[in-house]
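Here the structure comes first, spelled out in structure tokens, and everything after it is commentary.
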Amino acid sequence: MDVPEPSRELKTRIATYNQFKDLFASAPIRLMSRVVSAMRAQGFDDQATAIGDMDWRTVPAGDAEDPNLREEWGRLLDWAFDHAAGWMRQLSSHPLGYNLDSVGYPSLIQAWSHVWHTQVGIDFANGRGLMPEIFLFHGGNQAVQAALLGVAEAHRERDGAAVPPTILVPLPTFSCPLDQMALQGMQVVFLPPSSPDMDPRPEDLRSIPDDVNIDGVYMMPVNNPTGRTLPPEQMQKFITAVLDRWPHAGIILDSVYVRLHPRHGELLRWYLDDPRFAEHVIFIDSLSKTHGVTGLRSGAVMTKAAPFTGGIVRYAQNVMAGPSNMMQAVSLALLSPFLTGDEELEEHAIDLQLRIGRHLQRRRRLHLERIFDRNRDLVDTEQPLLPDPLGFDWEGSMYAVIRLSDRCLDAARAYGVSPTVAFYFETGIGGVPLSGFCGNPNLDRHGLVVNGADPGLERFRSEAQRYVRLSFGMVPPPQNRGE
């Protein structure tokens, strides 16, 4: 296509992008973050939709749909951190040091147990003299690392250490766990989806050769990066198919968005339907998303899967893996309603979480409306990853992935950049290529991808170039639906 004479704004975007593209070539999230931040510093109204997590300050003052959310959410955080400050004054001269027992670790375990009992309908507990079922860590990523180590240790005890464990990863998936797999030297089988909506299905497993042994699976009930919710019946069928074929496999379910979900009581109930699930499933949870406290670094593992808890226990016994005093104190304050036995307080706490989740969905809807209204020629008429491409109002997380149009692909070729970058040049909306969530350079470099030469995987990665992943955590909130 012929590119018209660029405007001053477009010239500035291109020049700013070129300043950073070599420095952050292997980190597209940081690349777009830095570019958009630099543009905003120059006075342009570009949107940093590719970075950040939710924050109570993103709620407009006097919000018409939830007038009290900003005040109640902010008051909860103020009170929780004030509570932490009191603990800090009583502790050692190193108040942020790691000490599992300094702030009431058993109470925090009990609180997390009550959260899952009340909100998710599944019971986990740490009984005296029994193998723990709840483990707390310094963030959700560390909880994922512990779960992967649990799978790796179970593999070594079962098959020895001569061959590394193999993890099955349905695509697309978030990049941090893939880095952890690479750092641990795990082999990975990427599972490209057969359905246009990219949700994993049991029939996708047919693409895995018979001689490939799967030791563990990493997947998400609410997907990051797509934001799609995997229907619980479909999740159950997929996990059943995995265990039918690989009866020793550990199933890691990164569930950090489940308790924000309006169907939080349904998404994981299948876990109670088959005793094999309790023997193989490892849940990951966090307060970071449900309360908007990403910097707090609060993560947890819940599991009854005895074959995999040995490695998790040994990792948790490393004091540097434990939650900091600050995390314990703030988390205990945030979860305190679940220690009172007062059902009304528990209901209020859950209601506030759901209102926070609804705020994220509403912000996503407003921004997608604006994108489709102002830049309709850059987005495809078919949007297989958006469950509601007309009203943009559906269940999920803060993320959305949109399919770009042929015109956007033509612009990308003319600019000599990826479709995601062309979309940014044209709109000022910074996203991340979905293809960045369909592989990992460290896994590729060390030859750890079992099916790296698979034509189906290559076709899917090529198609993923056409999609841009957006998140709407720290974007300035639109003032009305039409803006």
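Just so you know, we're using our numbering here: the sequence shown kicks off at 437 and counts up by one.
Each residue gets a CB set at the ideal place from its N, CA and C atoms; glycine is no exception.
{"Asked": "Beta-carbon proximity check, Ala983 vs Ala714, cutoff 8 Å", "Found": "The question about residue 983 has no answer, for the chain in this structure spans 437 to 919."}
{"Asked": "Complete runs of the beta strand (DSSP E) confined to the stretch 571 to 647 [at least 3 residues]", "Found": "602 to 606 and 623 to 627"}
{"Asked": "Burial state of Gly686 (16 or more Cβ within 10 Å)", "Found": "buried"}
{"Asked": "Integer-rounded CB distance, given that Asp690 should sit under 8 Å from Ile720", "Found": "5 Å"}
{"Asked": "Buried or exposed (CB count within 10 angstroms, at least 16 for buried), Pro698", "Found": "exposed"}
{"Asked": "Contact between the stretch 672 to 679 and the stretch 625 to 638 (3+ Cβ pairs under 8 Å)", "Found": "yes"}
{"Asked": "For Leu802, the first and last residue of its enclosing beta strand (DSSP E)", "Found": "Where Leu802 is concerned, there is no enclosing beta strand (DSSP E), although the alpha helix (DSSP H) it sits in stretches over Glu779 to Arg810."}
{"Asked": "For Phe560, the nearest candidate out of Asp842, Val885, Leu708 and Phe808 (CA to CA)", "Found": "Leu708"}
{"Asked": "Coil, strand or helix - Gly731 by DSSP", "Found": "helix"}
{"Asked": "Own chain residues within Cβ distance below 6 Å of Cys844, not counting five before or after", "Found": "Leu814, Pro855, Ala858 and Phe859"}
{"Asked": "Classification of Asp482 by the beta-carbon crowding that lies within 10 angstroms, buried from 16 upward", "Found": "buried"}
{"Asked": "The alpha helix (DSSP H) enclosing Ile465, as first and last residue numbers", "Found": "Pro464 to Ala477"}
{"Asked": "Beta-carbon spacing of Ile792, Gln819 below 8 Å", "Found": "no"}
{"Asked": "Option in Ile748, Glu831, Asn577 and Pro601 with minimal Cα separation from Asp615", "Found": "Asn577"}
{"Asked": "Helix, strand or coil at Leu840 [DSSP, three-state]", "Found": "strand"}
{"Asked": "Under the three-state DSSP convention, the category Ile558 falls into", "Found": "coil"}
{"Asked": "Cβ separation of Leu884 and Gln623, assumed to be a contact under 8 Å, to the nearest whole Å", "Found": "5 Å"}
{"Asked": "Of the listed residues Ser722, Arg511 and His550, nearest to Asp778 (C-alpha basis)", "Found": "His550"}
{"Asked": "Enclosing beta strand (DSSP E) for Arg905 [first to last residue]", "Found": "Tyr903 to Ser907"}
{"Asked": "Residues bridged to Ala736 (per DSSP)", "Found": "Leu572 and Asp721"}
{"Asked": "Where Ala497 falls, given that 16 or more other Cβ within 10 Å makes a residue buried", "Found": "exposed"}
{"Asked": "Thr665 vs Glu831 beta-carbon contact at 8 Å", "Found": "yes"}
{"Asked": "Residue interval of the alpha helix (DSSP H) (run including Ile450)", "Found": "Arg444 to Phe456"}
{"Asked": "Backbone CA spacing between Ser734 and Thr554 [nearest angstrom]", "Found": "19 Å"}
{"Asked": "Presumed contact (8 Å Cβ cut-off) between Gly888 and Ser643, rounded CB distance", "Found": "Not quite, the Cβ-Cβ distance comes to about 14 Å (not below 8 Å), so this is no contact."}
{"Asked": "Endpoints, the alpha helix (DSSP H) within which Tyr751 is located", "Found": "Ala742 to Gln753"}
{"Asked": "Segment limits, beta strand (DSSP E) that includes Tyr693", "Found": "First-last for Tyr693: undefined, no H or E at that position."}
{"Asked": "Which residues DSSP lists as bridging Thr665, in chain order", "Found": "Val658"}
{"Asked": "Exposure label - Lys725; buried when at least 16 CB within 10 Å", "Found": "buried"}
{"Asked": "Assigned secondary structure, Gln670 (DSSP; H/G/I helix, E/B strand, else coil)", "Found": "helix"}
{"Asked": "Closest by C-alpha distance to Val580, when choosing among Gln901, Arg444 and Ile718", "Found": "Ile718"}
{"Asked": "Whole-angstrom C-beta distance between Ala484 and Val472, which should lie under 8 Å", "Found": "4 Å"}
{"Asked": "Assigned exposure category for Arg801 - 16 Cβ within 10 Å defines buried", "Found": "buried"}
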